[in-house]
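Enquirer: Just dropping this structure here.
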Amino acid sequence: MRITRYAAGIAAAGLLLAGCASEAGNQAQDDAEETTAQVEEVEFPEGSTMAEIVEAGELRVGTKIDQPGFGLANTAGDPEGFDVEMAKLIASKMGLTEDQITFTETVSANREPFLQEGRVDMVVATYTINDKRKELIDFAGPYYVAGQDIMVAAGNPENIEGPEDLAGKTVCSVEGSTPAENIRTSYPEAELVLYDAYSKCADDLRNGNVDAVTTDNVILTGFVAGAPDAFELVGNPFTEEPYGIGVPKGQDDFRDFINDVLEESFEDGTWAEAWDSTAGAITGQEAPEPPAVNRY
Ligand code: GLU
Numbered sequence: 000m001r002i003t004r005y006a007a008g009i010a011a012a013g014l015l016l017a018g019c020a021s022e023a024g025n026q027a028q029d030d031a032e033e034t035t036a037q038v039e040e041v042e043f044p045e046g047s048t049m050a051e052i053v054e055a056g057e058l059r060v061g062t063k064i065d066q067p068g069f070g071l072a073n074t075a076g077d078p079e080g081f082d083v084e085m086a087k088l089i090a091s092k093m094g095l096t097e098d099q100i101t102f103t104e105t106v107s108a109n110r111e112p113f114l115q116e117g118r119v120d121m122v123v124a125t126y127t128i129n130d131k132r133k134e135l136i137d138f139a140g141p142y143y144v145a146g147q148d149i150m151v152a153a154g155n156p157e158n159i160e161g162p163e164d165l166a167g168k169t170v171c172s173v174e175g176s177t178p179a180e181n182i183r184t185s186y187p188e189a190e191l192v193l194y195d196a197y198s199k200c201a202d203d204l205r206n207g208n209v210d211a212v213t214t215d216n217v218i219l220t221g222f223v224a225g226a227p228d229a230f231e232l233v234g235n236p237f238t239e240e241p242y243g244i245g246v247p248k249g250q251d252d253f254r255d256f257i258n259d260v261l262e263e264s265f266e267d268g269t270w271a272e273a274w275d276s277t278a279g280a281i282t283g284q285e286a287p288e289p290p291a292v293n294r295y
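With numbering that gives the first Met the number 0, the residue at position 60 of the sequence shown is 59, and numbering never jumps.
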């Protein structure tokens, strides 16, 4: 929150300063110094993707709204979480305020189409970087590496310890996701139940309609943290899911810019702070070592 507000205040303070610095009183100068210390350079080359977005005055972001810790709508309907913080960070580095971000729900299956159709400028939504998706869109990042895991009912009544134990069991996941695809291709004896969003899988597990839910460990950890009496994480991750920020294919300038912002946030602690206030706060897990950005 603070980060983006700074960016707004900064631009205004910068202009004021340029106009009347010589006449400013001591107090005003002190105030200005405090603010200008945070000044971001927000000039982008004409015609660049960033300049166009700034010109439009709006950064359109696709995210999840039902995943605690990464993207979850609060009571006011605003999404909160680590992914949301990544989006706010990028906006702030473009000199855009939080009010200038428009969040749109993207579920797993419509992330590529939303980028291809130009409905959003970027997608930050527990979005695994992989070659198949790279044919359609581009990825900045990764900014986190998750792993596919399994969530079961508390007490693990079906004794599910890993994906092999899913044979003959019902397991819920989400259409268009890498974990669903992995079950389909590598564990075909599991009976896959598919929805458009993971909260529906969690409901099904709670009601006893399925034996397990599978997706990335960090998503499942968020559900377990919210209902430890109902759910349990198997805790045996069996894939690598590097999370990227999706952008329309060919927007290399925007991708480079986002990669720069990510790397800077890894260095200056902003990334770890974002983790601590979102996913980390929910699960009690410390911020891990940030991954290396892959400028493919
Ligand atoms: N990271 C995986 C994916 O991108 C699973 C999480 C999700 O569906 O958002 O498909």
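The beta-carbon is built from N, C-alpha and C at its ideal position, and this holds for glycine as well.
In terms of DSSP beta bridges, what is residue 169 paired with?
Expert: In DSSP, residue 169 forms a bridge with 190.
Enquirer: Can you list, in chain order, the residues of its chain whose CB lies under 7 Å from that of residue 64, leaving out five sequence neighbours each side?
Expert: Contacts found: 70, 71, 72, 78 and 104.
Enquirer: Could you tell me if residue 231 is buried or exposed, where buried requires 16 or more neighbouring beta carbons within 10 angstroms of its beta carbon?
Expert: Burial call: buried.
Enquirer: In whole angstroms, what is the alpha-carbon distance linking residue 247 and residue 125?
Expert: Straight-line Cα distance between these residues: approximately 17 Å.
Enquirer: Inspect the CB distances between the stretch 239 to 253 and the stretch 130 to 147 and report whether three or more fall short of 8 Å.
Expert: The stretch 239 to 253 is in contact with the stretch 130 to 147.
Enquirer: So, for residue 36: in the same chain, excluding its five sequence neighbours on each side, which residues have a beta-carbon less than 7 Å away from its beta-carbon?
Expert: The pLDDT assigned to residue 36 is 31, lower than 50, so where the model puts this residue is not dependable; a value taken from the coordinates is nonetheless given after this. Within the same chain, residue 36 has no close Cβ partners at all.
Enquirer: Is any non-hydrogen atom of ligand 3 found closer than 6 Å to the C-beta of residue 126, if you look at the structure I gave you?
Expert: In the structure shown, ligand 3 is absent; the only ligands present are ligand 1.
Enquirer: From this set, 136, 200 and 190, which residue's C-alpha is nearest residue 150's C-alpha?
Expert: Cα-wise, what sits closest to residue 150 is 200.
Enquirer: Mind checking residue 295: buried by the 16 CB within 10 Å criterion, or exposed?
Expert: The residue in question, residue 295, is exposed, as its Cβ has fewer than 16 Cβ neighbours within 10 Å.
Enquirer: Starting from residue 272 and walking both ways along the beta strand (DSSP E), at which residues does that stretch end?
Expert: No beta strand (DSSP E) holds residue 272; the alpha helix (DSSP H) holding it covers 269 to 276.
Enquirer: On the DSSP bridge list, what partners appear for residue 66?
Expert: Paired residues: 70.
Enquirer: For residue 184 and residue 272, I'd like the C-alpha separation in whole angstroms.
Expert: Residue 184 and residue 272: Cα-Cα distance of roughly 38 Å.
Enquirer: DSSP three-state call for residue 291: helix, strand or coil?
Expert: Looking at residue 291 - three-state DSSP - the assignment turns out to be coil, as it is neither helix nor strand.
Enquirer: Are three or more beta carbon pairs between the stretch 218 to 234 and the stretch 41 to 51 nearer than 8 Å?
Expert: Segments in contact, no.
Enquirer: Could you tell me if residue 188 is buried or exposed, where buried requires 16 or more neighbouring beta carbons within 10 angstroms of its beta carbon?
Expert: Classification of residue 188: exposed, given that the 10 Å Cβ count is below 16.
Enquirer: Could you tell me the boundaries of the alpha helix (DSSP H) in which residue 53 lies?
Expert: 48 to 55 is the extent of the alpha helix (DSSP H) around residue 53.
Enquirer: Out of curiosity, what's the CA-to-CA distance linking residue 60 and residue 122?
Expert: The alpha-carbon atoms of residue 60 and residue 122 are separated by roughly 6 Å.
Enquirer: Is the CB of residue 280 under 7 Å away from at least one CB in chain B?
Expert: Any reference to chain B falls outside this structure, which holds one protein chain only.
Enquirer: From 279, 87 and 176, pick the residue whose C-alpha is nearest to that of residue 193; which is it?
Expert: Nearest option by C-alpha distance: 176.
Enquirer: Among the residues of its own chain, which have a CB less than 7 Å from the CB of residue 169, if the five just before and after it don't count?
Expert: So the qualifying residues of the chain are 190, 192, 209 and 210.
Enquirer: For residue 150, list the residues DSSP reports as bridge partners.
Expert: For residue 150, which the question treats as bridged, DSSP gives the partners 212 and 232.
Enquirer: Is it right to say residue 92 is buried, meaning 16 or more other beta carbons lie within 10 angstroms of its own, or is it exposed?
Expert: So residue 92 counts as buried.
Enquirer: Where does residue 237 fall in DSSP's three states?
Expert: Note: residue 237 maps to coil in three-state DSSP.
Enquirer: Kindly examine ligand 1 and report whether one of its heavy atoms sits closer than 6 Å to the Cβ of residue 213.
Expert: No, since every heavy atom of ligand 1 falls outside the 6 Å radius drawn around the Cβ of residue 213.
Enquirer: Can you list, in chain order, the residues of its chain whose CB lies under 8 Å from that of residue 56, leaving out five sequence neighbours each side?
Expert: If we look at residue 56 and ignore the five residues flanking it on each side, its Cβ neighbours are 95 and 99.
Enquirer: Exposed or buried, which one is residue 84 when buried takes at least 16 other CB atoms within 10 Å?
Expert: Under this definition residue 84 is a buried residue.
Enquirer: Which class does residue 217 belong to by DSSP, given the choice of helix, strand or coil?
Expert: Here residue 217 sits in helix by DSSP.
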